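Residue numbers (the working numbering): 7 to 245.
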Amino acid sequence: MPQNPHWYTLRKEWQDSEFDLVVQTMRSVGYTEYYQGRPYTMFNVNDMKYWTMGAPLKATILINRKVIGLPHDYDKIASVYDDLFTDEASRAEDATLFAMIPQADNVLDIGCGTGLFLEHRRPAAYTGVDPSAMMLNRLAQKFNGVSTVRAKFEDFYGGRYDLVVALFGAASYVTPSALERVPAMLTPGGSYFLMFYRPDYVPVTHTKSGVFPLHFNGKSIAVPGAVQVFGNYLIVTGP
Numbered sequence: 007m008p009q010n011p012h013w014y015t016l017r018k019e020w021q022d023s024e025f026d027l028v029v030q031t032m033r034s035v036g037y038t039e040y041y042q043g044r045p046y047t048m049f050n051v052n053d054m055k056y057w058t059m060g061a062p063l064k065a066t067i068l069i070n071r072k073v074i075g076l077p078h079d080y081d082k083i084a085s086v087y088d089d090l091f092t093d094e095a096s097r098a099e100d101a102t103l104f105a106m107i108p109q110a111d112n113v114l115d116i117g118c119g120t121g122l123f124l125e126h127r128r129p130a131a132y133t134g135v136d137p138s139a140m141m142l143n144r145l146a147q148k149f150n151g152v153s154t155v156r157a158k159f160e161d162f163y164g165g166r167y168d169l170v171v172a173l174f175g176a177a178s179y180v181t182p183s184a185l186e187r188v189p190a191m192l193t194p195g196g197s198y199f200l201m202f203y204r205p206d207y208v209p210v211t212h213t214k215s216g217v218f219p220l221h222f223n224g225k226s227i228a229v230p231g232a233v234q235v236f237g238n239y240l241i242v243t244g245p
């Protein structure tokens, strides 16, 4: 299909139980997208979107995939991002913040960027999620072999984690409805540490770079928990 280039994998190349599980997951947590007037349930992972043709589960014989390849605003500043926060005040703010974050063995880092969390902690298991390919490339250059996923958190459905973090306003780039899933992603006894921009605060990242990505600020916090002020941020911790 030259007008819609994509690839596919066939059921016969899988174990039936694994194929069924993947299709069921895609259909249960995916999103609707229309092509030629027909709705399809899509599921995004890294640079790819996946979908099936909508037949009943046992009659489904293939999974399609297509490159997303969409640029992100933070791609524009990835090459200089780390240089924006090398001053003494930024380093001191980082140190104060990480003294507040719980220790954990298995961490999900929402909006991981170039790997600030890994500069301060190296947990036994780590997953970084970010929609910017260029930011993740910078992370990979600094931390070899670390697990990352290129995706908006809205499209990410991972496992269970001892700690979920979204640092320095990263939570403000996620729709409130998507953040409502965070408590269900915790292991027993797990916790989350989510940072939102304070209402009406203009992020220094934006002013220094001249790039102004859409974000939600701290006006619509949908996650329950204790709220505290930290400089220009609101921190929500729970459960």
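No residue lacks a Cβ here, since even glycine has one placed at the ideal position from N, Cα and C.
All values derive from a computational prediction rather than experimental measurement.
- Going by DSSP, V235 is part of the beta strand (DSSP E) stretching over A232 to F236.
- In the structure shown, P108 adopts coil according to DSSP, grouped into three states.
- By the CB criterion at 8 Å, Y167 and M201 fall outside the cutoff.
- With contacts defined by Cβ atoms closer than 8 Å, L103 and G164 do not form a contacting pair.
- C-alpha of K18 to C-alpha of A139: approximately 32 Å in a straight line.
- Annotated three-state conformation of N52 is coil, per DSSP.
- E39: member of the beta strand (DSSP E) spanning Y37 to Y41, first to last residue.
- Around R33, the same chain offers T47 as residues with beta carbons nearer than 7 Å, after the five sequence neighbours per side are excluded.
- In this structure, DSSP gives S153 an extended state, which the three-state scheme calls strand.
- Fewer than three beta-carbon pairs drawn from the region 60 to 73 and the region 175 to 182 are found closer than 8 Å, and the two stretches are therefore not classed as touching.
- Counting the other CB atoms within 10 Å of its CB gives M141 a total of 16 or more, which places it among the buried residues.
- Within 10 angstroms of the beta-carbon of W13 lie fewer than 16 other beta-carbons, which makes it exposed.
- DSSP places T193 within a strand segment (E or B) once states are collapsed to three.
- Restricting attention to Q109, I116, W57 and V135, the CA atom closest to the CA of R128 is found in Q109.
- Between A172 and the set V152, T193 and L124, the nearest pair of CA atoms involves L124.
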